[in-house]
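**Q**
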Amino acid sequence: MYFNSALSPTSITDYYNITIIDTREVVKEGAVSDNVKTIETILKGLGYDVTADGYFDSKTTEAVKEFQKSKGLSETGEVDEKTGTALMSAIRDALKANDTQYKAAVKALQ
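Counting from 1, position 64 in the sequence shown corresponds to residue 63 in numbering that gives the first Met the number 0; the numbering is continuous, with no gaps.
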């Protein structure tokens with residue numbers, strides 16, 4: 000799977016309400032937490048095949064590796080500060096690109 004600039008078929012507002020990834024510690028396979036759920040929600044929004052259930056399983060590891068590869072990061076499958084920051088940046092960019100209210104406002108002003 001590659002980075003998809005269009006958000007997955009979940010309401011765009013679901014992505015506006017996610018929390019920031021806590022990058023104070025490395026998150027890896029086997030972890031269970033709300034932080035993992037945030038990571039998985041972002042990955043899912045970017046088009047990766049993961050379940051946002053808060054359990055960092057092998058599918059999450061593979062999705063993180065694919066994301067890291069797409070961003071030129073070390074392909075560890077673990078979410079450290081660099082990967083967490085890149086995930087947050089990627090979802091922010093996807094939100095901007097898919098903000099229908101903003102696009103409608105711009106169109107109305109033209």
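Here a beta-carbon is modelled for each residue, glycine too, at the ideal position from N, C-alpha and C.
From a predicted model like this one, the values you see are computed outputs, not experimental measurements.
#1: Would you identify the three-state DSSP class for V128, choosing helix, strand or coil?
#2: Which residues in the same chain as D79 place their Cβ atom closer than 6 angstroms to its Cβ, once the five residues preceding and following it in sequence are excluded?
#3: How many Å lie between K102 and L94 at the Cα?
#4: Which runs of the alpha helix (DSSP H), 4 residues or longer, sit entirely within the region 1-78?
#5: Would G83 pass as a contact of T22 if the rule is Cβ separation under 8 angstroms?
**A** According to the structure shown:
#1: Outside the shown range of the chain, which is 0 to 109, sits residue 128, and nothing can be said about it.
#2: Locating residue 79 in the sequence shown gives position 80, counting from the first residue. Result list for D79: V25, in chain order.
#3: In the sequence shown, the residue the question calls residue 102 occupies position 103. In the sequence shown, the residue the question calls residue 94 occupies position 95. Going from the Cα of K102 to the Cα of L94 covers about 12 angstroms.
#4: 11-15, 33-44 and 57-69
#5: As a position in the sequence shown, residue 83 is number 84, starting the count at 1. As a position in the sequence shown, residue 22 is number 23, starting the count at 1. Taking 8 angstroms as the Cβ cut-off, G83 and T22 qualify as a contacting pair.
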